[in-house]
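Asks: Residue 74 is where the sequence shown starts when you use the numbering used here, and the numbers rise one by one after that. Here a beta-carbon is modelled for each residue, glycine too, at the ideal position from N, C-alpha and C. Mind having a look at this structure? Questions to follow.
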Amino acid sequence: MNKKPVIGVSRCLLGHAVRYDGDSKANTVVIEQLGDLFELVPVCPEVEAGLAVPRPPVQLTGSIDHPRMTGRNVPGLDVTEMMLAYCNSRPAELNQLCGFVFKSRSPSCGLNSTPVFINGECVTETSSGLFARAMTTVYPELPAIEESELEMQDKYQQFIDDVFQYQ
Ligand code: SF4
């Protein structure tokens, strides 16, 4: 029997309560449909980097190209170095993956949907989270999709085809 391709998934999409607010973002397309086709490997960059659940929410700030990850509501909170250290080491351990489903808008996991703030102003809403940047830099050919694109039938089907092709 052929082995199912293995893909990574932002862990909160699998219904695991790892978000900053102690909640999850269970996605039935991921769990029921992609879960039938692929072996799913849950990855939560913020928890794996050492942040707690629940935790103060963070956002990307200061620069679009080289943002920092700072507290949304807690002045002085800066977890940039912790997250960058994680992002420098973790992708190499995920070399068995044939694709990745990222959580939209997250400062860690957003693929093309993460806001960046400079001096309190939102300067873009189409940036990428720090972990998504790291994964797409280390694996530029890796099929990748974000949660918000799963409803777009053409992108969804393309992702599935690309994963089988990549395998
Ligand atoms: S979006 Fe990413 S970092 Fe945030 S809870 Fe989900 S898996 Fe963890």
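State yes or no: is the C-beta of Phe190 within less than 9 Å of the C-beta of Pro216?
Replies: no
Asks: Name the DSSP bridge partner or partners of Ala217?
Replies: Phe173
Asks: Mind checking who Asp151 pairs with in its DSSP beta bridge?
Replies: Thr143
Asks: Identify whether Glu224 lies in helix, strand or coil by the three-state DSSP scheme.
Replies: Looking at Glu224 - three-state DSSP - the assignment turns out to be coil, as it is neither helix nor strand.
Asks: Around the Cβ of Thr187, are there at least 16 other Cβ atoms within 10 angstroms (buried) or fewer (exposed)?
Replies: Thr187 counts as buried, since no fewer than 16 other beta carbons sit within 10 angstroms of its beta carbon.
Asks: What did DSSP end up calling Gln70 once you bin it into helix, strand or coil?
Replies: Because the chain spans 74 through 240 in this model, residue 70 falls outside it and cannot be assessed.
Asks: Straight-line CA distance for Cys171 to His139?
Replies: Their Cα atoms are separated by approximately 27 Å.
Asks: Suppose you measure from the CA of Gln226 to the CA of Val102; what does that come to, to the nearest Å?
Replies: A direct Cα-to-Cα measurement between Gln226 and Val102 gives close to 11 Å.
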